[in-house]
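K.L.:
Shown below is the structure under consideration.
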Amino acid sequence: MAPKKKPTTAIGSFGASAPEPPFVDRSIIRPRDDLYDAFTAPRLSSNDDGGKPPDLPVVQQLLAAFTLSKEHLQSIKAAVAGEAGCRGVPPPRATSIIAAFGFIWQCYIRAKAGTDGKAASPCGGRAYFLLPADHRTRLEPPVPDEYLGNCLSPCIASAPRRDVAAAGVDGLFTACAAIATAIDGVVRGGPGYWDRWMDWISGAYSAGDDLSLTVAGSPRFRVYDTDFGFGRPAKVDVVSVARTGAMSVAEARSGGGGVEVGISLSAGAMERFNDCFADAIAWLSW
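If you read the sequence shown in full-length UniProt numbering, its first letter stands for residue 1, the second for the next number, and so on.
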């Protein structure tokens, strides 16, 4: 729905010119029977109830927003590059969004129970991070940027949970490197990409909520620039993350190139996440 708010925002801005209408001709999408079969097959069902999710106990969730400023993101990228030099390996792709995602992923896994390695895991002790990848330019034939339709798929990063949960720069490097590797894999694509993709999805699904984190939103949506005639929003919350367990992502409300992240956790996990976030910001500032 985010792309649809721009024309409405222009109307609410009393005379501001509306952007060009989106491209909606779905005939440019080449059907892929193999993907249709993969998505409709009950491969991701872990129960025998026709794929219906099991009834889970209701857990009181807290919702909180955390902001990483442009300076924080620069410090994260510098720390990761420095650790790569210490390890004698090439530094991973360094972007602000990778820095933000890696930082939050490390804090999230550390906040979840069982990251000390004592708890059993159905996925071999691996943690997963799923972020949306835009495939418009990677389809055959490519789809225009103006196309209004779902051309997204999860880009899936994975690493041993102990390594992601490691304190300090060790865990941060692991998280950022895994996300950068996953993004590079999407960019390269290549033969068999979609076959491997379904296996990655199955692994992430098997990991469960404690070891997998998904992303909802993007700083590119510019939610704090939305004005329906009542002024810019003072605060934007994606309340669905309390149900889905995803983390919401937007540009920092104060601007300046920062990133704002919304997290929903139980009270105990939220306290651990807040402590981890504060500690990590502190050592980045040393």
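Each residue gets a CB set at the ideal place from its N, CA and C atoms; glycine is no exception.
#1: Between the alpha carbons of C276 and A182, how many angstroms are there, rounded?
#2: Could you name each continuous alpha helix (DSSP H) segment of 4 residues or more that falls completely within the stretch 185 to 239, going from the start of the chain to the end?
#3: Among Q60, A267, L211, G102, whose alpha-carbon lies nearest the alpha-carbon of R161?
#4: Run the CB neighbour count on I98, radius 10 Å, all protein chains shown included, and call it buried at 16 or more, exposed below.
#5: Would you tell me roughly how many angstroms separate the C-alpha atoms of C176 and G102, rounded to the nearest one?
#6: DSSP three-state call for R253: helix, strand or coil?
#7: Please return the same chain residues whose Cβ sits closer than 8 Å to the Cβ of L152, not counting the five positions on each side in sequence.
#8: Return helix, strand or coil for C155, following the three-state DSSP convention.
#9: Would you kindly work out how many angstroms separate the C-alpha atoms of Y205 and P31, rounded to a whole number?
#10: Cβ of R243 versus every heavy atom of the ligand NAD: is any distance shorter than 7 Å?
#11: For A250 versus Y224, is the C-beta distance shorter than 8 Å?
#12: From A64 to A111, what does the alpha carbon distance come to, in whole angstroms?
#13: Cα separation between D184 and G256?
#14: Measure the C-alpha to C-alpha separation of S285 and G168 and round it to an integer number of angstroms.
#15: Could you give the C-beta distance for G268 and S248, rounded to a whole number, given that I count them as a contact under 8 Å?
#16: What's the gap between the Cα of I179 and the Cα of R93?
#17: My assumption, with CB atoms under 8 Å, is that G171 sits in contact with Q74. Please give the rounded CB distance.
#18: Roughly how many angstroms separate the alpha carbons of C155 and A282, rounded to a whole number?
#19: According to DSSP, is S248 helix, strand or coil?
#20: Just list the residues that DSSP pairs Y128 with in beta bridges.
P.N.:
To lay it out plainly:
#1: 25 Å
#2: 193 to 207
#3: L211
#4: buried
#5: 4 Å
#6: coil
#7: P132, A133, D134, H135
#8: strand
#9: 26 Å
#10: The ligand NAD is absent from the structure shown, which contains no ligands of any kind.
#11: yes
#12: 14 Å
#13: 27 Å
#14: 12 Å
#15: Contact flag wrong, Cβ pair sits at about 21 Å.
#16: 9 Å
#17: Wrong, their Cβ atoms sit about 19 Å apart, outside the cutoff.
#18: 30 Å
#19: strand
#20: S158, S212
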